[in-house]
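Remarks on the structure that follows.
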Amino acid sequence: MSVPMENPISFTNVGRSKWWHRGIFASQTGYVLLALVVLMIVMRFASPYFFTEGNMQNVAKNFSFIAIATLGITFVIITGGIDLSVGSMMCFSAMITSMVMVELSAPGSYFVHMAADGKTVVANVPGLILLISVLAGLFTAFIVGIFNGFCIAVLGLSPFVTTLGMLSIVRGLAYVVSNGRGSFPGGPDADLFYALTSGDVYGVPAPFIYLVILAVVMAVVLHHTSFGRHVFALGGNEKAAELTGIPVVRVKIQVYVICALAAGLQGIIISGWLGSAPANMATSYELNVIAAAVIGGANLAGGLGGPLGAIVGCVLLEVIRNGLVLAQVNSYWQQTLVGVIIILAVLVDRIRSRMT
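Read left to right, the sequence shown gives residues 937 to 1292 (our numbering).
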């Protein structure tokens, strides 16, 4: 016969984590988001021009110029890898797109020919030349991504060394195919190209719209598909992932292809904003892309990262840059502040992790 307890003991603290491990404080992204909010409030009082419509449009457009590539490299970082070739890939894809667009628009090509009356006739499919040109640029990125992934996943080469070599190879090819002069989008679809890359929809910059769409797709893929679970598993413990039957080689190749395609698309968009694809375009952009991903919470050791963190990191970097411009501070301080923020972000996350 059991005797009921009159005053049962309840342990209310069991299973409850500290406040700095709950809610918005549960990840580095939360801390960076709070820092961003504080920084924007400070900028509101520091400059009356910060929250103007025109400046907010500039901020949205400018951070979108690295955010799409940051989404791509986040996939790689989650698996514990790195890709240093994204800046060169931006340039090369943009250059190939522009050159193909000009070549297909030249008189005598399959799409452009002279009619009997001497007039120039273009293929009766609006945007066809643009579509083929963009696909050519993205296909170039796809090939580079396949090569990176094959060297790293199949041959077992170091991601750092492989992509560092690819950085030089792709940048060199960009100089070779253009003779160092760069290229300019042209032809009958040039206006459409500029509208799609640097235009806006009801005041919202087109690059920002693409970013939001891709971020939503990335969130669904990472958190609601088997591929996403495999990506996180690789970053958590690659050996354990392989023992559980996860196709490690295939997933690694796929994440490097995704990274290269994101960089290629980013470069094509930037070339529309610049109006050209110079051979030195996006030089050192890989540093900003990696910095944004790390600041946003992606762990270089693997296993952590996501689209929200990638975007927050990009916004923080752009707000700093924009704030320096409005405050008329020497722009060279930007790189210094980026380095400080990276170290602080990692330090805060390390302190939070140890406070158990």
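Ideal Cβ placement from N, Cα and C applies to all residues, glycine included.
Using CA coordinates, which residue listed in the options is at the minimum distance from residue i?
i: Leu-1071; options: Leu-1201, Gly-1245, Val-1282, Ala-1218; result: Leu-1201
i: Gly-1118; options: Met-1026, Phe-1086, Arg-1165, Ile-1088; result: Met-1026
i: Thr-1180; options: Arg-1165, Ala-996, Leu-1020, Leu-1210; result: Arg-1165
i: Ala-1213; options: Gln-964, Gly-1023, Lys-997, Tyr-967; result: Gly-1023
i: Glu-1222; options: Leu-1067, Leu-1252, Ile-1149, Ile-1004; result: Ile-1004
i: Ala-1030; options: Asn-1224, Ile-1226, Ala-1218, Val-1255; result: Ala-1218
i: Gly-1085; options: Val-973, Arg-1186, Ser-1104, His-1159; result: Arg-1186
i: Leu-1262; options: Ala-1177, Tyr-1130, Thr-988, Leu-1040; result: Thr-988
i: Val-1184; options: Ala-1198, Val-1167, Ala-1199; result: Val-1167
i: Ser-1069; options: Ala-1126, Met-1154, Val-1113, Pro-1141; result: Ala-1126
i: Val-1038; options: Ala-982, Tyr-967, Ser-1114, Met-976; result: Ser-1114
If you run the structure through DSSP and keep just helix, strand and coil, what is residue i?
i: Val-1012; result: helix
i: Pro-1243; result: helix
i: Ala-1218; result: coil
i: Pro-1095; result: helix
i: Pro-1143; result: helix
i: Ser-1119; result: strand
i: Arg-1290; result: helix
i: Ala-1042; result: coil
i: Asp-1125; result: coil
i: Thr-1056; result: Because the pLDDT at Thr-1056 is just 49, under 50, the model does not fix this residue reliably, and the value given afterwards should be weighed accordingly. Strand at Thr-1056.
i: Val-1265; result: coil
i: Val-1282; result: helix
i: Ala-881; result: Since the first and last residues shown for the chain are 937 and 1292, residue 881 lies out of range.
i: Val-1137; result: strand
Taking the beta carbon of residue i as the centre, do at least 16 other beta carbons fall within 10 Å, making it buried, or is it exposed?
i: Pro-1124; result: buried
i: Phe-947; result: For Phe-947, the pLDDT reaches just 49, beneath the cut-off of 50, and the residue's location in the model is therefore unreliable, although a value from the coordinates is still provided. Looking at its Cβ environment, which holds fewer than 16 other Cβ atoms inside 10 Å, Phe-947 is exposed.
i: Gly-990; result: exposed
i: Gln-1190; result: buried
i: Leu-1147; result: buried
i: Thr-1161; result: exposed
i: Leu-1067; result: exposed
i: Ile-1277; result: buried
i: Asp-1053; result: Confidence is the limiting factor: at Asp-1053 the pLDDT is only 47, short of 50, which leaves the residue's position unreliable, though a coordinate-based value still follows. That one is exposed.
i: Val-1230; result: buried
i: Ala-1281; result: buried
Is there a C-beta anywhere in chain D that falls below 9 angstroms from the one on residue i?
i: Val-1080; result: Of the protein chains in the structure, only one exists, and it is not chain D.
Run the proximity test for residue i: is its beta-carbon closer than 8 angstroms to any non-hydrogen atom belonging to the ligand NAD?
i: Ala-1237; result: For the structure depicted, the ligand NAD is absent and the ligand set is empty, with no information on it obtainable.
ask   = Curious, which full-length alpha helix (DSSP H) runs of at least 4 residues does the segment 1159 to 1188 contain?
value = 1162 to 1172, 1174 to 1179
Any contact between the segment 1160 to 1174 and the segment 1234 to 1241? By contact I mean 3 or more CB pairs, one from each, below 8 angstroms. yes
Inset, instruction - Would you check if the segment 1182 to 1197 and the segment 1074 to 1087 touch, i.e. whether three or more CB-CB distances between them fall below 8 angstroms? - result: yes
Quiz item: So does the segment 1087 to 1098 actually touch the segment 1007 to 1021, counting three or more Cβ pairs closer than 8 angstroms?
Solution: yes
Review point. Can at least three beta-carbon pairs, one atom from the segment 1248 to 1257 and one from the segment 1270 to 1282, be found at a separation below 8 angstroms?
Key: yes
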